[in-house]
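Using the working numbering, read the first sequence as starting at 58 and increasing by one per residue.
Glycine residues also receive a C-beta, built at the ideal position from the N, C-alpha and C atoms.
First up is the structure itself, then whatever we jot down about it.
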Amino acid sequence: MRIATWNINSLKVRLPQLLDWLPAAQPDVICLQELKLEDAKFPRDEIAAAGYRAAFSGQKTYNGVAILSRSEPVDTFAGIPGFADEQKRVLAATIDGVRMVCLYAPNGQAVGSEKYEYKLRWYAALREWLADEMLGHPDLAVLGDLNVAPEDRDVHDPKAWEGQVLVSEPEREAFRSLLALGFKDSFRLFEQPEKSFSWWDYRMLAFRRNAGLRIDHILLSPSLAARCTACTIDKAPRKLERPSDHTPVIAELR
DNA sequence: ATGGCTACGATCCGTAGA
58 MRIATWNINS LKVRLPQLLD WLPAAQPDVI CLQELKLEDA KFPRDEIAAA GYRAAFSGQK
118 TYNGVAILSR SEPVDTFAGI PGFADEQKRV LAATIDGVRM VCLYAPNGQA VGSEKYEYKL
178 RWYAALREWL ADEMLGHPDL AVLGDLNVAP EDRDVHDPKA WEGQVLVSEP EREAFRSLLA
238 LGFKDSFRLF EQPEKSFSWW DYRMLAFRRN AGLRIDHILL SPSLAARCTA CTIDKAPRKL
298 ERPSDHTPVI AELR
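This is the structure:
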């Protein structure tokens, strides 16, 4: 089973790239973030024609998440139970017996800002929910734009980024609190190239300079981690004309 | 140098992303 995550930064703009990527990458499941469109505008026909079912939770302009899958997604649920939130950032579905949680974590804007506090509250609620979810679903995968670079090696210039949003210690602690539930960062289960990133700023020729961060992740419960044979970042879509600033992350489960 | 791109919805600039 091949599972993937990709923040596509507007499904409307990136739909042609997605439709090219699906047959090339052949994922069984792909979690998408930043759809930036309401559910009525979700391109259900194009996705179906590509051979994928879809569950989605969209909103106009901002946020929005979807799970595309070869098999029918069941028991879909949007949001974090008990955490009232207008922002569509969370979607869960079970596919072929594996519970998938698609996440678009808040950006946090700046350390100490209101949005930063919201991000930490969101993570606290997420942790509580995932702890519960893991009890009922031993085969649990969390995929998405988590908006945290967990370690210095996930940052192109750790000195420049020290203490900044996406990298700050409270955010990293929030990320580690998920690992403390038993999740593995699938990317780090394997030998990886130095300076592997999943996001590059549109500005400053950041991609060409590989000035990026690794903030898109696939976390696997212990039973799934034991089945994982590879995790890779697919940089190809970032090289296209008019790319998303994020690029897909893919994990293989036997 | 705190900028620099990009998407969006409202204009011809502001908000947000990361």
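| message | In chain order, what are the residue ranges of uninterrupted alpha helix (DSSP H) at least 4 long that sit wholly in the segment 91-155? | response | Those alpha helix (DSSP H) runs which fall completely within the segment 91-155 and span 4+ residues are 101-106.
| With a Cβ-Cβ cutoff of 9 Å, do Lys93 and Asn120 count as a contact? | Result yes, Cβ atoms of Lys93 and Asn120 sit closer than 9 Å.
| What residue does the beta strand (DSSP E) around Gly201 start on, and which one ends it? | Here the beta strand (DSSP E) through Gly201 covers Leu197 to Asp202.
| message | Which residue marks the beginning of the alpha helix (DSSP H) containing Glu322, and which one marks its end? | response | Residue coverage of the chain in this structure runs from 58 to 311, which leaves residue 322 outside it and unanswerable.
| query | Contact check, Glu95 vs Lys117 under 8 Å by CB: the rounded distance? | reply | The C-beta distance from Glu95 to Lys117 rounds to 5 Å, short enough to fall under 8 Å.
| request: Could you tell me which residues DSSP pairs with Asp189 in its beta bridges? | output: BP columns for Asp189 are empty, so no partner.
| said: Taking the straight line between their C-alpha atoms, what separation do you get for Glu91 and Asp214? | reply: About 26 Å.
| message | Run through the DSSP bridge pairs and tell me what Asn64 is partnered with. | response | Beta-bridge pairing by DSSP links Asn64 to Gln90.
| task | Name the residue from Glu171, Trp218, Ala182 and Pro279 whose alpha carbon lies nearest to the alpha carbon of Ala231. | result | Nearest C-alpha to Ala231: Ala182.
| said: Report the start-end ranges of each alpha helix (DSSP H) in the segment 248-302 that is 4 residues or longer and not cut off at the edges. | reply: The qualifying runs are 279-282.
| said: With a threshold of 6 Å on Cβ separation, who are the neighbours of Arg146 within its own chain once the five nearest residues in sequence on each side are excluded? | reply: Here Arg146 has Asn120 and Tyr161 as same chain residues with Cβ atoms under 6 Å from its own Cβ, once five neighbours each way along the sequence are excluded.
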